[in-house]
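Peer 1: Mapping of the sequence shown onto the working numbering: position 636 corresponds to residue 733, and the numbering continues sequentially without gaps. Cβ coordinates follow ideal geometry from the N, Cα and C atoms, glycine included.
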Amino acid sequence: MTNKQVYFFGSGTADGKAEMKNLLGGKGANLAEMSRLNLPVPSGFTISTEVCTLYYENGKYPSDLENNVNETLHKVEDVMGAKFGDSDNPLLLSIRSGARISMPGMMDTVLNLGLNDETVQGLIKQTNDPRFSYDCYRRFIAMYGDVALGIKAESDEESGPFEQRLHAKKEARGVTNDTELTADDLKELVAEFKAVIKERTGTPFPEDPNDQLWGAIGAVFNSWENDRARVYRKLNGIPDDWGTAVNVQSMVYGNMGDNCATGVLFSRNAATGEKRMYGEYLVNAQGEDVVAGIRTPESFDNLKENELIGHCYNELVEIAEKLEHHYTDMQDLEFTIQKGKLWMLQTRTGKRTGLAAFKIAYDLAVKEKLITKEEAMLRVDPNQLNQLLRPVFDIKQKQQAIESNRLLTKGLNAGPGAATGRVVFTAADAEIFKSKGNDVILVRHETSPEDIKGMEASIGILTARGGLTSHAALVGRQMGKVCVVGAGELQLNYSLKQFTVKGKTIREGDYISLDGSTGEVIEGTVDTRPSEVVEVIISKTMSPEESEIFQIYDTFMGWADEYRRLKIRTNADQPDQAENALAFGAEGIGLCRTEHMFFEESRIATMREMILAETQEEREAALEKLLPMQKQDFIEIFRTMNGLPVTIRMLDPPLHEFLPHTKEDIQHLADVTSIPYEKIKAQVDALSESNPMLGYRGCRLGISYPEITEMQTRAILEAACEVKKEGIIVEPEIMIPLISHVNELTIQEEVVRAAAKDTFDKYGFEIEYAFGTMIEIPRAALTAAEIAKSAEFFSFGTNDLTQTVFGISRDDAGRFLPLYVNKRILDHDPFESVDQEGVGVMMKMAVDFGRTTRPNLKVGICGEHGGDPATVEFCHRIKQDYVSCSPFRVPIARLAAAQAVLKENQQNS
Ligand code: ADP
Ligand code: MG
Ligand code: MG
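(1) Apply the 10 Å Cβ neighbour rule to F913 and answer buried if 16 or more other Cβ atoms are within range, or exposed otherwise.
(2) Mind checking whether P742 and E828 have CB atoms under 8 Å apart?
(3) For G123 and I198, what's the separation of their Cα atoms in angstroms?
(4) Let me know if I745 comes out buried or exposed under the rule of 16 or more other beta-carbons within 10 Å of its beta-carbon.
(5) Could you tell me which residues DSSP pairs with D945 in its beta bridges?
(6) Whether or not the segment 332-351 and the segment 140-151 are in contact is what I'm after, with contact meaning three or more pairs of Cβ atoms, one per stretch, closer than 8 Å; do they touch?
(7) With a threshold of 8 Å, are at least 3 pairs of Cβ atoms found where one atom belongs to the segment 841-852 and the other to the segment 753-765?
(8) Compare the beta carbon distance of L814 and I772 with 8 Å and say whether it is the shorter of the two.
(9) Cα-Cα, which of V173, L120, G792 is closest to A196?
(10) Just the C-alpha distance for M871 and A812, rounded to the nearest angstrom, thanks.
(11) Among the candidates E553, M726, G573, whose CA atom is the shortest distance from the CA of T560?
(12) Going straight from the alpha carbon of L379 to that of F397, what length do you get?
(13) What residues are listed by DSSP as bridge partners for Q435?
(14) Specify, as a first and last residue, the run of the alpha helix (DSSP H) that L723 falls within.
(15) Alpha carbon to alpha carbon, what distance is there between G125 and K401?
(16) Provide the residue(s) that pair with P829 in DSSP beta bridges, ordered along the chain.
(17) For ligand 2, which residues have a Cβ under 6 Å from at least one heavy atom, in chain order?
(18) Exposed or buried, D858, counting other C-beta atoms within 10 Å across all chains shown (16 or more means buried)?
(19) CB T625 to CB P488, shorter than 8 Å?
(20) Using a Cβ-based criterion (distance less than 7 Å to any ligand heavy atom), does L212 qualify as near ligand 1?
(21) M240: beta carbon under 7 Å from a heavy atom of ligand 1?
(22) To which residues does DSSP link D612 through a beta bridge?
(23) In chain order, what residues of the same chain have a beta carbon less than 7 Å from the beta carbon of R794, not counting five sequence neighbours either side?
(24) Measure the beta-carbon distance from L263 to R270 and round it to whole angstroms, keeping in mind my assumption that it falls under 8 Å.
(25) To the nearest angstrom, how far is it from the Cα of R690 to the Cα of D670?
(26) Using the C-alpha atoms, what's the distance from V630 back to V349?
(27) Would you grab the beta carbon distance between T469 and A462 for me? Rounded to a whole angstrom, and I think it's under 8 Å.
(28) Helix, strand or coil, according to DSSP, for E163 in the structure here?
(29) Does the separation of the CB atoms of R543 and G563 fall below 8 Å?
(30) N919 by DSSP, collapsed to three states: which one?
(31) K664 lies in the alpha helix (DSSP H); which residues open and close that run?
(32) Hey, how far is the Cα of N740 from the Cα of I826?
(33) Whose CA, out of E285, Q218, A943, A710, lies closest to the CA of A885?
(34) Thinking S887 and C959 are a contact (beta carbons under 8 Å), I'd like their distance in whole angstroms, please.
(35) Drop a sphere of 10 angstroms on the beta-carbon of G202, count the other beta-carbons inside from all chains shown, and report buried for 16 or more, exposed for fewer.
(36) With DSSP run on the structure shown, which of helix, strand or coil describes Q588?
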């Protein structure tokens, strides 16, 4: 191998830099960058991700890796003035993983590597501190045993063997804090830990520092393929072949006494986005003590007041500002203070809530002018808009709940929003409760990566321990969950599945409510209230000036509209839905389903009469009754849309969906219509199908019963004429569903055109309308050129198209699709985001074929996929004209459509 494998950093220089994340991983690249910026970074080196990839390809390291590592290690030794493995002045190392994208808690770190019975004496000699030295030693053995040797707890209920021994030692000594154990206690622990390793692995603990080093490097590489790392990658769409880098770094010590500390610092508030630093630290602690949530840390603000290390406060603030300017984004820093000297261990772009993401990008672009609006738009994930549109508690109800003593406790506000749900105590129970249709709140001492799936299944997460940077807080926030952590008053009892607080007992299945914005935990349910954005633009209960969140939302939407090329429409069947969508910026209706209009109490009977009709006359009589009802619906929708296009789909579902199925319901229908029970029953049986999804539905109905298509056409166009008379522009688009052959379409076209002509004759004037079809059957996509001769527009029904391209029934897919995603047969659920390699190819083909015979063919998508950002981007790329999605996803689609343009521009430049 000719490529460089090992990248040195330290003492103001570095082989790597921030731009080299793919090669060095995020952590390594940023350590190099901080070193270049002359920040105090303990010297070390990074083994590149290429080495990891080679290791997995060949099953072994490149032959010259060992030499390269040794050479670079000597450089580090020179900088630090200590020698790895030296019995007099030993250099200790931390071995840290780091992928391109930070994966919190996913990969494992080993600290204090290089200690053995000999070198620990050297450390004692150098520090004059046996207690500290043995503290490092016992930590090292435990981490090494856990990470490199895989020694874990024997069951989920108990803690790991090292933690158990530590706990037992504290009990035996009658102390509660680790820091109260003496050097001798810790020395005993070292021996006990080694015995555990011998017992569990059959081999003694490796005393040779070189064996330790390579064991740990191997463990980091191997951890790329451990279960929790895989789960995380899958949840976050990170490719498996990226690999991880390994960072080998000199240790600095936060556990040398009260003038030492370790902590984390966010350059802005990661929950709200407010421009105010916040962080946490622990005095006399090392490594993951802060993140693990074992001791509750102190707030960063207190550091100022600390007599011994307060001077580091300003230095940290300066560094945080410098890094934020340098990276032009909010930074998440890790630091350690060793005997009053500050060391930087990590910086990365901080994870944040959706709310904070928008606020920070807005502030950086608008107020601070550090980034452009294009950059700001690309900084946010359109799905994060959900958090701006998300409900909060009904203030009155919450007040009442608190006044009536239902406030159970208050924890830290880690993830904003309001959630009411049923309590569970394990991740597995969360999944079970969720699968039964419950809203779930997962309550734990603290969470760990093993809980990820259960956290996904929950709407809220509540922990008793840990701070704002604990696992629950970081991961919960990233998932967009309502999250309250560190509610220390909770007394959890996992085995009884209950917790007690203030003398009250809450059991599994009981309701609680979490306010993730204030940290309040409330007994029972509390109604939620719409977000401020919704208050301003929909219910109009707030003015734009009152809400900063709205102003941010509005600014982003304005920017998005400047850039996007796709039009955004909505799926709406009712005027009120359409109205919401308009408020969210919809530019038309892409799918108005007509069937929903028939389910109303007053209409279903007539609809059923129509279906049960035995002759055409009877059917026409029933349709005659339905016509004015449909017409009224369309009138209201056209009025609401006020000049914007409205695509109306002809009747689509199988008819038996409209019929009663239980004995009582059939009897009831017989009573109100005076059609005999037997007759109805016979018709219900006759219409039942073994495969309704592929059965008698869509245009197949209109072809058998042209009078249905005719009635619906008349209803639409009469409504259009009426509304036009009111002076309102109307732009109806009549859409035929489930076409597979062009002849199906032309035969329906004749019916539509004839009914249209009749209607216009009757009114004495014409309305411009479009005639088109859904593309949701592969044959229609394949023959799109033919179909476009008749259709003036296409609209992709991607739900049906996905079903038919995959040969999967959506209703049954729940049984096996999760397994498919789990086994990575599919990388995502194709009903959530369009399968671009399969279904997408068919879509592109249909667009291209269609435009060969009709160059100005209008193309859209009306499946719920239309609100999925990745799908929106795809629709842009295949040159569709619009996407249509549910009202609350319209803003998401607007932003996603703008991002599609920005990404395209980036690629072209
Ligand atoms: P993660 O990716 O899980 O944050 P890190 O590699 O950052 O893992 O390490 C975990 C913890 O170990 C961090 O809290 C960090 O402060 C500590 N740590 C890492 N390297 C060193 C070091 N060289 N000296 C002291 N502490 C370290
Ligand atoms: Mg870290
Ligand atoms: Mg369909």
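Peer 2: Let me lay it out:
(1) Exposed, by the Cβ-count rule.
(2) yes
(3) 6 Å
(4) Looking at its Cβ environment, which holds 16 or more other Cβ atoms inside 10 Å, I745 is buried.
(5) Answer is none; D945 lacks a bridge partner.
(6) yes
(7) no
(8) I772 sits away from L814, with the two beta carbons spaced by 8 Å or more.
(9) L120
(10) 20 Å
(11) G573
(12) 10 Å
(13) K438
(14) 713-738
(15) 30 Å
(16) V743
(17) Cβ-based neighbours of ligand 2 within the cut-off: E431, Q443.
(18) exposed
(19) Cβ atoms of T625 and P488: closer than 8 Å.
(20) Using a cutoff of 7 Å, the CB of L212 does not count as near ligand 1, since none of the ligand's heavy atoms is closer than that.
(21) no
(22) A515, E617
(23) D749, P750, P751, L835
(24) Contact flag wrong, Cβ pair sits at about 11 Å.
(25) 6 Å
(26) 47 Å
(27) Rounded, the Cβ-Cβ distance is 7 Å, consistent with contact.
(28) helix
(29) One detail in the question is off: residue 543 reads as Glu in this sequence, not Arg. Yes; because the gap between Cβ atoms is below 8 Å, this pair is in contact.
(30) helix
(31) It is not in any alpha helix (DSSP H) - K664 instead sits in the beta strand (DSSP E) that spans 664-668.
(32) Correcting the residue type first, residue 740 is Gly in the shown sequence and not Asn. Computed Cα separation, rounded: 4 Å.
(33) A943
(34) Not confirmed; about 19 Å, so no contact.
(35) Note on G202: pLDDT 47, under 50, position unreliable in the model; the coordinate value appears next. That one is buried.
(36) Here Q588 sits in strand by DSSP.
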